[in-house]
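Per the numbering used here, numbering of the sequence shown is gapless, rising by one per residue and ending at 464.
The C-beta atom is built at its ideal place from N, Cα and C for all residues, glycine as well.
Everything on this sheet refers to the single structure shown next.
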Amino acid sequence: MQHHKYAVVLAAGQGTRMKSKLYKVLHPVCGKPMVQHIVHRLEALAMDQIVVVVGHGAEQVKNQLGSSVDYAFQEKQLGTAHAVKMCSEQLRGKQGTTIVVTGDTPLIREETLHRLMTHHAETQAAATVLTTVLADPTGYGRIVRNEQGHVERIVEHKDTNEQERAIGEISTGIFCFDNQLLFAALDQVNNNNAQGEYYLPDVIGILKGQNQIISAYLTEDVEDGMGVNDRVQLAYAEQILRRRINEGHMRNGVTIIDPHSTYIESDVVIGPDTVIQPNTFLRGKTVIGSDCTIGPNADLTDVQVENGVSIQYSVIVKSTVRQVASVGPFAYIRPGSDVGEHVKVGDFVELKNTRIGNHSKVSHLSYLGDAEVGEHVNVGCGTITVNYDGVKKHKTEIGDHSFIGCNSNLIAPVIIGEGSYVAAGSTINRNVPDDALAIARVRQDNKEGYAKKLLRKEK
Ligand code: UD1
Ligand code: CA
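What follows is the structure, given as structure tokens:
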């Protein structure tokens, strides 16, 4: 018989201790909202069904997680047991195991969840709690064990007596339950406690009272179960996850010169033999090939970087940089750009929605916006596409093998033909045919001997 696995994610709380407009579970850790980390972990474990309990910020949480999960609504946040009970419609009566995860434990890893479930199955328990031992257990529910070492119940920090407060073993808030026993026990949870809430951890004591097997899986990875209730813990979680991400890349063959100053978000992919220099930020869906040098001081968001690319001191957003291209120092590449193979985008160059063909160069001090540049083009220093007339944006096209002289203004819409030559200092407002020379500047006038006269006058 196939054994069914369900998951409940608790994400209805406001997160008062965050002191934030943003709902707690939506606060990002390494660029990804906490609750999204958890859902991704659960998805990797191939659950039959994932139900997310939403309440505060329900719409925002749903927007974040989308339709890959089911939702239950908890109108009033009466406690974690009450929250799980809101999944009755989806889960009550079903046969199988239900794993409950709080939405504020972003560091929980797949392996740990997997081991918890295995332990639960092996011990044939009605409920298994994931525990760990902390040097400072303040704020967490404590695991109370009997003389034989079996778990008796869980007591919330605010309800502890002095003796219980000294217990170092805590509940991570993550549990496995026999689904049917869970829902039956939820009906018996009351709110006679320090916070006047229905506590999910009370289910443990209730099932124990029914002589059910209660199990605990104690993990030594203390970081895994860490809850994030305030911004101090948020920063700490960020630090731990950052370290894990960086170590993962290093183990896959990426050199990170200084992991402490390298900020790589969760979903970034990097190929082997790429070197990440200090103070580099790789965000969103950025994918980097192999044999690249990224940084120092690179900030890339949703960028596709092919192999052998070098990027220094530059900011790139939603763009592609192709094989062996070089960017920077001090370039700013804005969304919709495509930097071709072997292209050089040099210092103080800004690109926006601009495609640059293979082997072309934009070496210094240029702005190219809404431009289509061909292959083997040289764009001289100080070239500007005049793409905006105050109302609309217009396109500039530059054909293959053309040469744009320094300090040219290309007033769009305009087409510079293939193999053409724009003289330095030109302001081009008409199309240039293929192979033509365009000069659009005032002709120089030399007045013989006149300088001497001027200089004498000044004395
Ligand atoms: C909870 C546990 C505690 C455990 C700790 C681990 C309870 C009563 N306490 O405490 O034993 O050691 O987590 O981090 O379960 N939520 C709802 N609806 C509610 C209340 C909470 O959805 O009515 C959600 C919150 O959004 C949050 C999670 O449940 O994601 C946990 O709530 P929180 O208030 O953070 O509980 P803790 O005090 O940390
Ligand atoms: Ca918490």
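Own chain, CB closer than 6 Å to residue i, minus 5 neighbours either side, in chain order
| i | result |
| --- | --- |
| Val273 | Leu287 and Thr291 |
| Ser413 | Thr388, Val427 and Ser431 |
| Gly385 | Ile409, Gly410 and Cys411 |
| Val194 | Ala86, Tyr203 and Asp207 |
| Ile174 | It is Glu, not Ile, that sits at residue 174 in the sequence shown. Thr136, Val138 and Ile148, listed in sequence order. |
Distance between residue j and residue i (C-alpha atoms, nearest Å)
| i | j | result |
| --- | --- | --- |
| Gly178 | Val378 | 56 Å |
| Pro438 | Glu453 | 36 Å |
| Gly374 | Pro301 | 26 Å |
| His406 | Arg435 | 19 Å |
| Ile261 | Asp75 | 39 Å |
| Asn358 | Ile321 | 12 Å |
| His155 | Val134 | 12 Å |
| Cys181 | Val56 | 14 Å |
| Gln69 | Val30 | 10 Å |
| Ile1 | Leu356 | The shown model of the chain, from 6 to 464, leaves out residue 1, and the question about it has no answer. |
| Asn234 | His8 | 34 Å |
| Thr103 | Thr136 | 17 Å |
| Ala303 | Gly345 | 19 Å |
| Lys458 | Asn451 | 14 Å |
| Gly362 | Val310 | 15 Å |
| Glu225 | Ser176 | 13 Å |
| Gln54 | Leu187 | 16 Å |
| Asp192 | Leu83 | 14 Å |
| Glu169 | Asn151 | 12 Å |
| Ser470 | Asp141 | Not covered by the structure: residue 470. The range shown for the chain is 6 to 464. |
| Lys81 | Gln65 | 17 Å |
| Gln41 | Ile299 | 28 Å |
| Tyr455 | His364 | 46 Å |
Residues that residue i bridges to, as DSSP identifies them
| i | result |
| --- | --- |
| Gly62 | Gly60 |
| Gly374 | Lys357 |
| Gln309 | Val292 and Thr325 |
| Leu460 | Beta-bridge pairing links Leu460 to no other residue. |
| Cys181 | Ile104 and Thr133 |
| Ser368 | Ser368 pairs with nothing; no bridge assigned. |
| Asn383 | Lys366 and Phe408 |
| Thr117 | DSSP, once it has assigned bridges, lists no residue as partnering Thr117. |
| Leu287 | Ile269 and Leu305 |
| Arg247 | DSSP output for Arg247 lists no bridge partner at all. |
| Thr432 | Asn414 |
| Phe5 | It is not possible to answer for residue 5, since the shown part of the chain is limited to 6 through 464. |
| Ser315 | Thr298 and Ser331 |
| Glu174 | Val138 |
Candidates the options, of which the one nearest residue i by Cα
| i | options | result |
| --- | --- | --- |
| Gly289 | Tyr268, Glu380 and Ser365 | Tyr268 |
| Ile113 | Leu50, Gln65 and Ala303 | Leu50 |
| Asn257 | Ser425, Val280, Ile361 and Lys67 | Val280 |
| Arg360 | Phe353, Lys323, His119 and Leu83 | Lys323 |
| Gly108 | Cys35, Asn197, His155 and Val13 | Val13 |
| Cys35 | Glu270, Val308, Pro283 and Pro264 | Glu270 |
| Cys297 | Thr306, Asn284 and Arg327 | Arg327 |
| Ala477 | Thr117, Asp141 and Gly101 | Outside the displayed range of the chain (6 to 464) lies residue 477, so it cannot be described from this structure. |
| Thr143 | Leu223, Pro38 and Val160 | Val160 |
| Gly62 | Ala171, Gly351, Val56 and His32 | His32 |
| Thr110 | Gly173, Pro38, Glu64 and His162 | Pro38 |
| Lys163 | Gln200, Ser266, Lys366 and Asn184 | Gln200 |
| Lys349 | Val314, Thr128 and Ser425 | Val314 |
| Val44 | Ser72, Leu27, Glu169 and Asn197 | Ser72 |
| Asn198 | Ile218, Leu191, Thr165 and Ala190 | Thr165 |
| Ala330 | Glu167, Ser371 and Asn312 | Asn312 |
| Leu370 | Tyr318, His364, Asp352 and Ile175 | Asp352 |
| Ile172 | Leu139, Pro340 and Val396 | Leu139 |
| Val382 | Lys366, Val396 and Leu460 | Lys366 |
| Pro340 | Pro277, Asp263 and Leu305 | Leu305 |
| Ser342 | Pro277, Val308 and Gln153 | Val308 |
Same chain only: Cβ atoms within 7 Å of residue i, ignoring 5 sequence neighbours per side
| i | result |
| --- | --- |
| Arg158 | Val149, Ile209, Gly210 and Lys213 |
| Asn392 | Gly374, Asp375, Lys398, His399, Thr401 and Ala417 |
| Ile275 | His254, Val259 and Ile293 |
| Phe335 | Tyr318, Ser319, Asp352 and Phe353 |
| Ile250 | Cys35, Ile269 and Ser271 |
8 Å CB neighbourhood of residue i in its chain, flanking five on each side removed
| i | result |
| --- | --- |
| Ile433 | Ser413, Asn414, Leu415, Ile416, Val419, Ile421, Val427, Ala443 and Ala445 |
| Glu115 | Arg46, Ala49 and Leu50 |
| Gln79 | Ala17, Val58, Val59, Gly60, His87, Ala88 and Met91 |
| Asn216 | none |
| Glu423 | Gly379, Gly404, Asp405, His406, Ser407, Asp439 and Asp440 |
| Met2 | Residue 2 lies beyond the stretch modelled for the chain, which goes from 6 to 464, so this question has no answer here. |
- Message: Tell me whether the segment 242-252 and the segment 130-148 touch, counting them as touching only if at least three CB pairs, one residue from each stretch, are closer than 8 Å.
- Response: The segment 130-148 and the segment 242-252 do not touch, with fewer than three beta-carbon pairs separated by less than 8 Å.
- Task: Evaluate contact between the segment 15-30 and the segment 81-91, counting only Cβ atoms and requiring at least three cross-stretch pairs below 8 Å.
- Result: Contact between the segment 15-30 and the segment 81-91 is present, because at least three Cβ pairs lie under 8 Å.
- On the three-pair Cβ rule with 8 Å, is the segment 226-233 touching the segment 119-131? Fewer than three Cβ pairs drawn from the segment 226-233 and the segment 119-131 lie within less than 8 Å of each other, which leaves the two stretches out of contact.
- Message: Between the segment 95-104 and the segment 201-208, can you find at least three pairs of beta-carbon atoms closer than 8 Å?
- Response: At 8 Å Cβ cutoff, the stretches do not touch.
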